[in-house]
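Q: I have a structure I would like to understand better, so I am pasting it below and will then ask my questions one at a time.
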Amino acid sequence: MIRFENVTKRYRGTSKPALSGVDFEVQRGEFVFLVGASGSGKSSCLRLILREDVPTSGRVAVLGRDLRSLANRKVPYFRRHIGSVFQDFRLLPSKTVHQNVAFTLQVTGSSRGFIQQAVPEALALVGLDGKEKRMPHELSGGEQQRVAIARALVNRPQVLLADEPTGNLDPATSVDIMQLLARINAGGTTVLMATHEAGFVDQMQRRVIELRDGEMVRDEVHGGYGDTSNIPRLVPEEVRGAAAAAALTAVQEVQRQTADLSVVRAALAEELDAQRRAQTAAPAPQPAAEREPQRVEPPEQPHSGVVEPPEPDERTVEPPVERPAAAGPRTHPIVLPEVDVAELGVADRLGLSDQDDEEVGPTS
Ligand code: ADP
Ligand code: MG
Numbered sequence: 097m098i099r100f101e102n103v104t105k106r107y108r109g110t111s112k113p114a115l116s117g118v119d120f121e122v123q124r125g126e127f128v129f130l131v132g133a134s135g136s137g138k139s140s141c142l143r144l145i146l147r148e149d150v151p152t153s154g155r156v157a158v159l160g161r162d163l164r165s166l167a168n169r170k171v172p173y174f175r176r177h178i179g180s181v182f183q184d185f186r187l188l189p190s191k192t193v194h195q196n197v198a199f200t201l202q203v204t205g206s207s208r209g210f211i212q213q214a215v216p217e218a219l220a221l222v223g224l225d226g227k228e229k230r231m232p233h234e235l236s237g238g239e240q241q242r243v244a245i246a247r248a249l250v251n252r253p254q255v256l257l258a259d260e261p262t263g264n265l266d267p268a269t270s271v272d273i274m275q276l277l278a279r280i281n282a283g284g285t286t287v288l289m290a291t292h293e294a295g296f297v298d299q300m301q302r303r304v305i306e307l308r309d310g311e312m313v314r315d316e317v318h319g320g321y322g323d324t325s326n327i328p329r330l331v332p333e334e335v336r337g338a339a340a341a342a343a344l345t346a347v348q349e350v351q352r353q354t355a356d357l358s359v360v361r362a363a364l365a366e367e368l369d370a371q372r373r374a375q376t377a378a379p380a381p382q383p384a385a386e387r388e389p390q391r392v393e394p395p396e397q398p399h400s401g402v403v404e405p406p407e408p409d410e411r412t413v414e415p416p417v418e419r420p421a422a423a424g425p426r427t428h429p430i431v432l433p434e435v436d437v438a439e440l441g442v443a444d445r446l447g448l449s450d451q452d453d454e455e456v457g458p459t460s
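Numbering (our numbering), first residue to last: 97 to 460.
Take a look at the structure:
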């Protein structure tokens, strides 16, 4: 279902490869931990699976597709089969729980009837029924991550990728999230979870693939974490532009699923507007106590098949900062590259290329 063949990834301007000679195969229905210290290459692996990036050498095949031969315009449809969640939740702060989960379905043109059915189902699956009208800031960190998981699952993907999903949660809440992921896996979804945290991995007794400095050093069917003495702990940092990161991620998420950039742009403009309005209003109440200061990765340049490399006339949007009181450092502006929509097939834009879509199917 996911296969890495001798994969090496070298980022421009770096001397050491982020991944070198990585080889593994994940079967349909497996639950796999991808472990290793910060910087060992876990997120790089997940980005290759999502085709957000391509290997320098070697081959990545996902859902029966060699990603080298996957045309850029087909990438959004390929990604509909893959859900992803992240350490920093990446919810839209000015949208309700229901709206956050419904958002991608709306912009990909799902019918109202389907949305009305699928969103409550996804929320029930993650144990959030009755909270559809809440705003993200009215939820605990664990509940926010559940919303993000519901959003990732609402399209019923075959694979769920989770990049440090418990990294911002306290231990008890982390266990809840792990149990939820295990339940999702028991329902048939293949789960690949990157983590640098030792505890859960030992408890779960699932397959463990370990990376060290970009090299695969272990692949155990029922592994624990192994020697944890060298694994550094994350030092909490100030929240930086969390709202901007969330907005950008939501848009990237949508871009993964749709080629209709005008809808995406309109949605982003609306979201930024709402954030600006929220910024001028009274500061939002602080989230529940478990939401300690978090480390939020700066938003990365969109690098999907939909978004071509930035054109000269790229548009810059200054993101609002989520918490005016925090007075933390401002994040970098979001740069929205222009997209050559003409390159995208009409059938693709309308989601009508079912024939191709079916090629992305179960393989193992
Ligand atoms: P992990 O998720 O395990 O912390 P990453 O995959 O993020 O590891 O990073 C692996 C290595 O690649 C690190 O040395 C990191 O600095 C480097 N790296 C990751 N992304 C980039 C990038 N876009 N450009 C240059 N170097 C990168
Ligand atoms: Mg990472």
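Note that CB positions come from ideal geometry on N, CA and C, so glycine has one too. It should be emphasised that the depicted structure is a prediction, and the values quoted were computed from it without experimental measurement.
Taking any heavy atom of the ligand ADP as the mark, which residues have a C-beta closer than 6 Å to it, listed down the chain?
A: Result (chain order): 107, 110, 114, 132, 134, 135, 136, 137, 138, 139, 140.
Q: Please name the residue in 122, 110, 111, 108 whose C-alpha comes closest to that of residue 101.
A: Position 5 of the sequence shown holds residue 101. Nearest C-alpha to residue 101: 122.
Q: Could you work out which residue in 264, 285, 232 is closest to residue 467 when comparing CA atoms only?
A: Outside the modelled stretch of the chain, which goes from 97 to 460, sits residue 467, for which no answer is possible.
Q: Helix, strand or coil, according to DSSP, for residue 205 in the structure here?
A: As a working mapping, residue 205 is identified with position 109 in the sequence shown. Residue 205: coil per DSSP, three-state reduction.
Q: Starting from residue 281 and walking both ways along the alpha helix (DSSP H), at which residues does that stretch end?
A: Within the sequence shown, numbered from 1, the residue matching residue 281 stands at position 185. Where residue 281 is concerned, the enclosing alpha helix (DSSP H) stretches over 267–282.
Q: Pick out whichever of 313, 240, 374 has its Cα sitting closest to the Cα of residue 131.
A: Taking the first residue of the sequence shown as position 1, residue 131 is located at position 35. For residue 131, the nearest C-alpha among the options comes from 313.
Q: Between residue 93 and residue 225, what straight-line distance do the alpha-carbon atoms span, to the nearest angstrom?
A: Given that the chain is displayed from residue 97 to residue 460, the structure contains no residue 93 and the question cannot be resolved.
Q: Name the residue from 372, 200, 99, 217 whose alpha carbon lies nearest to the alpha carbon of residue 159.
A: The residue given as residue 159 occupies position 63 in the sequence shown. Among 372, 200, 99, 217, the Cα nearest to that of residue 159 is on 99.
Q: Among 310, 243, 368, which has the Cα closest to the Cα of residue 182?
A: As a position in the sequence shown, residue 182 is number 86, starting the count at 1. Measuring from the Cα of residue 182, the nearest candidate turns out to be 243.
Q: Looking at the unbroken beta strand (DSSP E) that takes in residue 316, where does it start and where does it end?
A: Residue 316 sits at position 220 when you count from the first residue of the sequence shown. Element bounds for residue 316: 311–316.
Q: Under the DSSP definition of a beta bridge, which residues are partnered with residue 290?
A: Position 194 of the sequence shown holds residue 290. The partner list for residue 290 (beta bridge, DSSP) reads 130, 259.
Q: Just to check my reading of the structure: residue 219 and residue 203 have Cβ atoms closer than 8 Å, yes? What is that Cβ distance to the nearest angstrom?
A: Walking along the sequence shown from the start, residue 219 turns up at place 123. Walking along the sequence shown from the start, residue 203 turns up at place 107. With a Cβ gap of about 19 Å, residue 219 and residue 203 do not count as contacting.
Q: May I ask whether a heavy atom of the ligand MG can be found less than 8 Å away from the beta carbon of residue 260?
A: Against the sequence shown, residue 260 aligns to sequence position 164. Yes, since a heavy atom of the ligand MG falls inside the 8 Å radius drawn around the Cβ of residue 260.
Q: Is there contact here, the segment 104–120 with the segment 136–147, by at least three beta-carbon pairs under 8 Å?
A: Yes: the two stretches touch, three or more of their Cβ pairs being nearer than 8 Å.
Q: Using a threshold of 8 Å, is the CB atom of residue 157 nearer than that to any non-hydrogen atom of the ligand ATP?
A: Although the ligand ATP was asked about, the structure shown includes only the ligand ADP and the ligand MG as ligands.
Q: Drop a sphere of 10 angstroms on the beta-carbon of residue 376, count the other beta-carbons inside from all chains shown, and report buried for 16 or more, exposed for fewer.
A: For the purposes of this step, residue 376 is identified with residue 280 of the sequence shown, where counting begins at 1. Per the 10 Å Cβ criterion, exposed.
Q: Give me the DSSP bridge partner(s) of residue 252.
A: On the sequence shown, residue 252 is found 156 positions in, with the first residue counted as 1. None, per the DSSP bridge assignment.
Q: Tell me, to the nearest whole angstrom, how far the beta carbon of residue 264 is from that of residue 176; I am working on the premise that it is less than 8 Å.
A: Position 168 of the sequence shown, counted from the first residue, corresponds to residue 264. Position 80 of the sequence shown, counted from the first residue, corresponds to residue 176. Contact flag wrong, Cβ pair sits at about 27 Å.
Q: How would you call residue 165, buried or exposed, if buried means at least 16 neighbouring beta carbons within 10 angstroms?
A: One-based indexing of the sequence shown puts residue 165 at position 69. When all chains shown are included, residue 165 counts as exposed.
Q: Could you give the distance in angstroms between the alpha-carbon of residue 147 and the alpha-carbon of residue 210?
A: For the purposes of this step, residue 147 is identified with residue 51 of the sequence shown, where counting begins at 1. For the purposes of this step, residue 210 is identified with residue 114 of the sequence shown, where counting begins at 1. Going from the Cα of residue 147 to the Cα of residue 210 covers about 28 Å.
Q: Please find out if some non-hydrogen atom of the ligand MG comes closer than 8 Å to the beta-carbon of residue 290.
A: Along the sequence shown, one-based indexing puts residue 290 at 194. Residue 290: yes, Cβ under 8 Å from the ligand MG.
Q: Please state whether DSSP places residue 102 in a helix, a strand or coil.
A: Translated into the one-based positions of the sequence shown, residue 102 becomes position 6. The answer is strand: DSSP assigns residue 102 an E or B state.
Q: If you draw a straight line from the alpha carbon of residue 294 to that of residue 262, how long is it in whole angstroms?
A: On the sequence shown, residue 294 is found 198 positions in, with the first residue counted as 1. On the sequence shown, residue 262 is found 166 positions in, with the first residue counted as 1. C-alpha separation (whole angstroms): 12 Å.
Q: Which of helix, strand or coil does DSSP assign to residue 182?
A: To locate residue 182, count along the sequence shown from 1; it is residue 86. Residue state, collapsed to three classes: strand.
Q: Just to confirm before moving on: does the CB-CB distance between residue 374 and residue 172 stay below 9 Å?
A: The residue labelled residue 374 in the question sits at position 278 within the sequence shown. The residue labelled residue 172 in the question sits at position 76 within the sequence shown. Contact: no.
Q: Is residue 108 helix, strand or coil when you go by DSSP?
A: Mapped onto the sequence shown, residue 108 falls at position 12. The answer is coil: DSSP assigns residue 108 none of H, G, I, E or B.
Q: Around the C-beta of residue 318, are 16 or more other C-beta atoms found within 10 angstroms, so that it is buried, or is it exposed?
A: Mapped onto the sequence shown, residue 318 falls at position 222. By the neighbour-count rule (16 or more Cβ atoms within 10 Å), residue 318 is not buried but exposed.
Q: Rounded to the nearest angstrom, how far is the Cβ of residue 256 from that of residue 285, given a contact under 8 Å?
A: In the sequence shown, the residue the question calls residue 256 occupies position 160. In the sequence shown, the residue the question calls residue 285 occupies position 189. With a Cβ gap of about 5 Å, residue 256 and residue 285 count as contacting.
Q: If distances are taken between C-alpha atoms only, which option among 110, 103, 127 comes closest to residue 300?
A: Here residue 300 refers to the residue found at position 204 when the sequence shown is read from its first residue. It is 127 whose Cα lies nearest to the Cα of residue 300.
Q: Can you have a look at residue 184 and say buried or exposed, based on whether 16 or more other CB atoms are within 10 angstroms of its CB?
A: Start at 1 with the first residue of the sequence shown, and residue 184 comes out as number 88. Answer is buried; the Cβ neighbour count reaches 16.
Q: Would you grab the beta carbon distance between residue 169 and residue 162 for me? Rounded to a whole angstrom, and I think it's under 8 Å.
A: The residue labelled residue 169 in the question sits at position 73 within the sequence shown. The residue labelled residue 162 in the question sits at position 66 within the sequence shown. 16 Å between Cβ atoms; not a contact.
Q: Alpha carbon to alpha carbon, how far is residue 275 from residue 246?
A: Working through the sequence shown from its first residue, we reach residue 275 at position 179. Working through the sequence shown from its first residue, we reach residue 246 at position 150. Distance between the alpha carbons of residue 275 and residue 246: 14 Å.
Q: Return the bridge partner residues of residue 120 from the DSSP annotation.
A: In the sequence shown, residue 120 corresponds to position 24, counting from 1. According to DSSP, residue 120 bridges with 100.
Q: Would a C-beta distance cut-off of 9 Å place residue 221 and residue 280 closer than the cut-off?
A: Translated into the one-based positions of the sequence shown, residue 221 becomes position 125. Translated into the one-based positions of the sequence shown, residue 280 becomes position 184. Yes; because the gap between Cβ atoms is below 9 Å, this pair is in contact.
Q: Could you tell me whether the Cβ of residue 222 comes closer than 9 Å to any Cβ of chain C?
A: Note that chain C does not occur in the displayed structure, where there is just one protein chain.
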